[in-house]
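Throughout, our numbering is defined as the position within the sequence shown, counted from one, plus 7.
Built from N, CA and C at the ideal position, the CB exists for glycine as well.
Since the model is a prediction, treat every value here as computed from it, not as a measurement.
In what follows, a single structure is set out as structure tokens and then discussed.
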Amino acid sequence: ASILMIFSLAIVPEIYKDRTHKWRKIHTALNCLAILVFLGQGITGSRDLLEISLSWQEKHLYKCDWEKQVCPDAQSQILSPEIIVASISNYPTLAQTNTVLASGEFVTITPGEDTEGTAEIIQAGSKTQVRLAENFSAIEGPAVKLLLHKENRPESYTTENYVRLGDLKSFTGEQVYDIPEGINWQYYPNVVVWCEKFDVTFGSAKLK
Numbered sequence: 008a009s010i011l012m013i014f015s016l017a018i019v020p021e022i023y024k025d026r027t028h029k030w031r032k033i034h035t036a037l038n039c040l041a042i043l044v045f046l047g048q049g050i051t052g053s054r055d056l057l058e059i060s061l062s063w064q065e066k067h068l069y070k071c072d073w074e075k076q077v078c079p080d081a082q083s084q085i086l087s088p089e090i091i092v093a094s095i096s097n098y099p100t101l102a103q104t105n106t107v108l109a110s111g112e113f114v115t116i117t118p119g120e121d122t123e124g125t126a127e128i129i130q131a132g133s134k135t136q137v138r139l140a141e142n143f144s145a146i147e148g149p150a151v152k153l154l155l156h157k158e159n160r161p162e163s164y165t166t167e168n169y170v171r172l173g174d175l176k177s178f179t180g181e182q183v184y185d186i187p188e189g190i191n192w193q194y195y196p197n198v199v200v201w202c203e204k205f206d207v208t209f210g211s212a213k214l215k
């Protein structure tokens, strides 16, 4: 029994840093067996003593503080599921922070350059963005840009009548573009897909 207890106390410190450690059950069994041999008590009594033994070893041998969720010898902080859930709840979700300010449906402007789907203006925290929904699709082409334009069917592209949002990230699916600071999208109430290389308007969505 003495050998069992000595081995139990000497077993690897990692057991006390990780409550899911693969050797923890074996260590628990050794503690239980040693206590049964020493004290001759039943299973219920030995289990209570075992908890006292584990708590004492965690606290005094390895300085674990489960109330504060830390073990000084551990490389990272030990968090309970309750703390993790509480931490996650402190971060607002997209559903909580994103507000749709306006939306519109794409229509094809140039025959053969099929463009369809939904465009939205969203407020995401301090940012105002253009979001193309999952149903967005446009025909592929070179140097395709996404713009905010004053006209629904643009006849010209000059710096006075449009705001460049950037290269089209994808010809299908959801994507988000930041509207530059200081730009009021209401002065440019149309989202336009434009092939700059050939000066061809693929499609536009009028925001309402």
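Contact between residue 178 and residue 144 holds, with the beta-carbon distance rounding to 7 Å and staying under 8 Å. In terms of Cβ geometry, residue 164 and residue 195 do not form a close pair [threshold 8 Å]. For residue 110, the uninterrupted beta strand (DSSP E) run begins and ends at 105–115, by DSSP. With a threshold of 16 other beta carbon atoms within 10 Å, residue 166 falls short and is exposed.
Secondary structure of residue 169 (DSSP, three-state): strand. Rounded to whole angstroms, the Cβ separation of residue 122 and residue 140 is 13 Å, and the two are not in contact under 8 Å. Spanning the alpha carbons of residue 119 and residue 204 requires a straight line of approximately 17 Å. Cβ atoms of residue 201 and residue 152 come within 8 Å of each other, at about 5 Å. Linking residue 109 to residue 172 through their CA atoms gives a straight-line distance of about 17 Å. Residue state for residue 164 is assigned as coil, using DSSP reduced to three classes. Secondary structure note for residue 201: its beta strand (DSSP E) is the uninterrupted segment 197–202. Put simply, of 107, 176, 184 the residue whose alpha carbon is nearest the alpha carbon of residue 155 is 184.
Distance from the CA atom of residue 128 to the CA atom of residue 197, rounded to whole angstroms, is 10 Å.
A Cβ-Cβ separation of about 5 Å places residue 213 in contact with residue 159 under the 8 Å criterion. In this structure residue 186 is not in contact with residue 114, their Cβ atoms being roughly 22 Å apart against a cut-off of 8 Å. Distance check between residue 188 and each of 134, 182, 209 places 134 closest, using alpha-carbon atoms only.
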